[in-house]
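J.: In full-length UniProt numbering, the protein residues as written are 1 to 305.
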């Protein structure tokens, strides 16, 4: 078993790494702010989905949970010891000064490590949900057409609308490629470090609350990002299959052999998958890899001598 000093040092290093990644997210989002304005304008042409209401409600809930967690940590902590640590070794005599300092520092800590990254994750997931919903609506429109009705003009309209979606996806990839990768790495590091802290050290009540908030939040953000972003390739493949099937049935059933063949326009386009800095591909199967890694890590830590 590692000594307590070494373990505290390792936790501090992981927290510092998470903070560095959060700063990298801030810088990346600031650098692409002009592209973000263009993206928001183009998103107006895509219909909103009912799922977006959930994300709209999550934003104030996350902020509320942030304040509540900071308050609970402040109430349950050893105020004299923790305030002295936050004051760089200077002991505060006033109890109210101790409470205010602890609450302020905890709010700042949790905002930097969890709240700000979670808000960026919500924006990314909202865009993914809107694009998935638009693709789903387009697939349904194609499915409603009979093969005889699905003529050249209808196919062109479908391709034009899909081009708008593709443009939104392209800009989203440009903006969120680096931030989303930093989010996933930061949440992975936070999740595993908090789990290791819980399994390998004796924690006070306030530490347990803090570790639980960070660990559970990190795991949820990690899996939700991968799951929602991984829905897009599935919906795009459904769109391709539906378009090809309808156009092919029209060709062989009614003999419109002289019509322009738009099937290749949609089939030859490479599959779109969101990537994090061209390192990690966001697919639904990635969630299983995350859960499997977490279980393996837990078993390794538990079986340490």
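Glycine residues also receive a C-beta, built at the ideal position from the N, C-alpha and C atoms.
Which word fits residue 54, buried or exposed, when buried means at least 16 other C-beta atoms lie within 10 angstroms of its C-beta?
T.: exposed
J.: Shortest alpha-carbon distance to residue 261 belongs to which of 217, 223 and 154?
T.: 154
J.: When you compare the CB positions of residue 290 and residue 232, do they come within less than 8 Å of one another, or not?
T.: no
J.: If contacts are defined as beta-carbon pairs under 8 Å, then residue 164 and residue 45 qualify, I think. What distance do you get, rounded to the angstrom?
T.: 6 Å
J.: Looking at the structure shown, is residue 276 part of a helix, part of a strand, or coil, going by DSSP?
T.: strand
J.: Quick check: the stretch 201-215 against the stretch 173-188, are at least 3 beta-carbon pairs closer than 8 Å?
T.: no
J.: Identify the continuous alpha helix (DSSP H) that holds residue 141 and give its terminal residues.
T.: 116-144
J.: Is residue 28 near residue 133, with beta carbons less than 8 Å apart?
T.: Contact: no.
J.: Got a sec, what are the start and stop residues for the alpha helix (DSSP H) residue 69 sits in?
T.: 52-76
J.: Count the C-beta pairs between the stretch 106-116 and the stretch 57-75 that are closer than 8 Å, then say yes if the count reaches three, no if not.
T.: yes
J.: Give me the Cα-Cα distance between residue 286 and residue 80, rounded to the nearest whole angstrom.
T.: 44 Å
J.: On the DSSP letters alone, give me the boundaries of the alpha helix (DSSP H) that residue 170 sits inside.
T.: 152-200
J.: Since residue 229 is in the alpha helix (DSSP H), which residue starts that stretch and which ends it?
T.: 205-254
J.: What is the residue span of the alpha helix (DSSP H) that residue 80 lies within?
T.: Where residue 80 is concerned, the enclosing alpha helix (DSSP H) stretches over 79-86.
J.: For the alpha helix (DSSP H) containing residue 112, name the first residue and the last one.
T.: It is not in any alpha helix (DSSP H) - residue 112 carries neither H nor E in the DSSP assignment.
J.: How about residue 264 and residue 150: do their beta carbons lie closer than 8 Å?
T.: no
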